[in-house]
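**Student:**
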Amino acid sequence: MLAVAEQFLPRIRRNEPMSRHTSWHVGGPAEIYFTPSDRTDLAAFLRDVPANVPVCWVGLGSNLLVRDGGISGVVISTQGTLDRLERVGPDTVYGEAGVACARIARQCIKWGLGPAEFFAGIPGTLGGALAMNAGAFGGETWRHVVEVETIDRRGGEHRRTASDYRVSYRHVEPPVAEEWFLGARLRFEVRPPEHRSEVTELLERRKATQPIGEWSCGSVFTNPPGDHAARLIEASGLKGLRIGDASVSLKHANFIINHGAATAADVESLIGRVQSEVERAHGVRLHPEVRMVGQTVEERR
Ligand SMILES: Cc1cc2nc3c(=O)[nH]c(=O)nc-3n(C[C@H](O)[C@H](O)[C@H](O)COP(=O)(O)OP(=O)(O)OC[C@H]3O[C@@H](n4cnc5c(N)ncnc54)[C@H](O)[C@@H]3O)c2cc1C
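Shown next, in the form of structure tokens:
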């Protein structure tokens, strides 16, 4: 059993089911699940984790498929912590990694800054949005990043500018491995006071076209250049395809739904099946947007 210093015990849970922390509601246990009280606590904890113990980060788990055997080592969660959000200049805001994207959207509207409405429909944290370059309705996280603060495995903090990262569609390549986001400075345009917010309109558009409210991870695959993953999946006749209690959504073909009792293995098998069927029908290999972590039950044995 992994030893943890006494000072951290109130904030760790052992064998914590990750199904409680992912929007698919699947996933085996995290060996150690740690929610830091603040950055100092986080840095001290990281310094204490032996170098050979794997470290995994989770925000709101809205883009994560955790396998049924769970995650060995340490999971660091920013859910409900590291959530400071403030305006730091006429057109600039600072957010910590645990701030919910929806809050950034709401607050920017109040501050007369934009365009930040796209954040409203992303059910994750700023940390997750930075890791994924999350985007919607033409907006994208990294278009607004001026600078990020990161923390490394030894608890050392760093400041990096946006140009230190190679960023593309749903892809962010950090300059060094094993450095995670603590926060970011984001720049927006100053909006005239009469500027009408489009949030309600965007959320309604989303509700009309996506299975919002069901257990999913949003879009499973990235769109291939010049096409849409949903179109290819639908054209391959895969809407409604089911493995166990997981199925391809009838409303939006790029969503996979857990109907209540799906396992991560069901979801992963369905992802593989969709990939091979689309490739067979259209010659296009779809790439998962969702991050898959952890071990299968067989690997865990
Ligand atoms: C209904 C629904 C709709 C969605 N719509 C969209 C959409 O329109 N556009 C879009 O882009 N996405 C969408 N998503 C996917 C998801 O919300 C985004 O990818 C989001 O940015 C993930 O944030 P998170 O905090 O949940 O990250 P998690 O799912 O917890 O983690 C995602 C990745 O980020 C890493 N990570 C998390 N926090 C940090 C950190 N602080 N530092 C470093 N790495 C970190 C994790 O290790 C993991 O690799 C949707 C999901 C759902 C369920």
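Residue 590 is where the sequence shown starts when you use this note's numbering, and the numbers rise one by one after that.
All C-beta atoms, glycine included, are put in the ideal place defined by N, C-alpha and C.
Cutting at 6 angstroms between CB atoms, please list the residues of its own chain near residue 683, excluding the five before and the five after it.
**Tutor:** 675, 677 and 774
**Student:** Going by DSSP, name the residue or residues bridged to residue 806.
**Tutor:** Answer is none; residue 806 lacks a bridge partner.
**Student:** What is the C-beta distance between residue 612 and residue 712, in whole angstroms, given that I count them as a contact (C-beta under 8 angstroms)?
**Tutor:** 7 angstroms
**Student:** Please report how far the alpha carbon of residue 617 lies from the alpha carbon of residue 793, in whole angstroms.
**Tutor:** 34 angstroms
**Student:** Pick from 813, 843, 833 and 837: whose alpha carbon is nearest that of residue 819?
**Tutor:** 843
**Student:** Does at least one heavy atom of ligand 1 sit under 7 angstroms from the Cβ of residue 845?
**Tutor:** no
**Student:** Measure the CB-CB distance between residue 716 and residue 770 and report whether it falls below 8 angstroms.
**Tutor:** yes
**Student:** Judging by CA-CA distance, which residue of 652, 669 and 639 is the nearest neighbour of residue 625?
**Tutor:** 669
**Student:** From residue 822 to residue 637, what distance separates their C-alpha atoms?
**Tutor:** 46 angstroms
**Student:** Any heavy atom of ligand 1 closer than 7 angstroms to the beta-carbon of residue 641?
**Tutor:** no
**Student:** By the three-class DSSP mapping on this structure, what secondary structure does residue 606 have?
**Tutor:** strand
**Student:** Please classify residue 875: does DSSP put it in a helix, a strand, or coil?
**Tutor:** coil
**Student:** How would you label residue 881, buried or exposed, when you count the other beta carbons within 10 angstroms and need 16 or more for buried?
**Tutor:** Answer is exposed; the Cβ neighbour count stays below 16.
**Student:** Could you tell me whether any non-hydrogen atom of ligand 1 is closer than 7 angstroms to the CB of residue 712?
**Tutor:** Answer for residue 712: yes, Cβ within range of ligand 1.
**Student:** Cβ-heavy atom distance between residue 664 and ligand 1 below 7 angstroms?
**Tutor:** no
**Student:** So does residue 708 have its beta carbon nearer than 7 angstroms to some heavy atom of ligand 1?
**Tutor:** When distances are taken from the beta-carbon of residue 708 to the heavy atoms of ligand 1, even the shortest one reaches 7 angstroms or more.
**Student:** For residue 725, name the three-state secondary structure that DSSP assigns.
**Tutor:** Residue state for residue 725 is assigned as strand, using DSSP reduced to three classes.
**Student:** Are residue 812 and residue 760 closer than 8 angstroms when you measure CB to CB?
**Tutor:** For residue 812 and residue 760, no; Cβs fall outside 8 angstroms.
**Student:** Quick check on the DSSP output: the beta strand (DSSP E) that includes residue 788 runs from which residue to which?
**Tutor:** No beta strand (DSSP E) holds residue 788; the alpha helix (DSSP H) holding it covers 788-798.
**Student:** Run through the region 608-642 for me and flag every whole alpha helix (DSSP H) of 4 or more residues, listed as ranges in chain order.
**Tutor:** The region 608-642 contains these whole alpha helix (DSSP H) runs: 628-637.
**Student:** Quick check: is any heavy atom of ligand 1 less than 7 angstroms from the C-beta of residue 654?
**Tutor:** no
**Student:** In angstroms with no decimal places, state the Cα-to-Cα distance between residue 646 and residue 756.
**Tutor:** 20 angstroms
**Student:** Does the region 850-860 come close enough to the region 693-702 that 3 or more CB-CB pairs lie under 8 angstroms?
**Tutor:** no
**Student:** Is residue 720 near ligand 1, going by C-beta to nearest heavy atom under 7 angstroms?
**Tutor:** At least one heavy atom of ligand 1 is nearer than 7 angstroms to the Cβ of residue 720, so yes.
**Student:** Just to confirm, does residue 624 get its C-beta within under 7 angstroms of one of the non-hydrogen atoms of ligand 1?
**Tutor:** no
**Student:** What residue range is occupied by the uninterrupted alpha helix (DSSP H) comprising residue 889?
**Tutor:** 886-889
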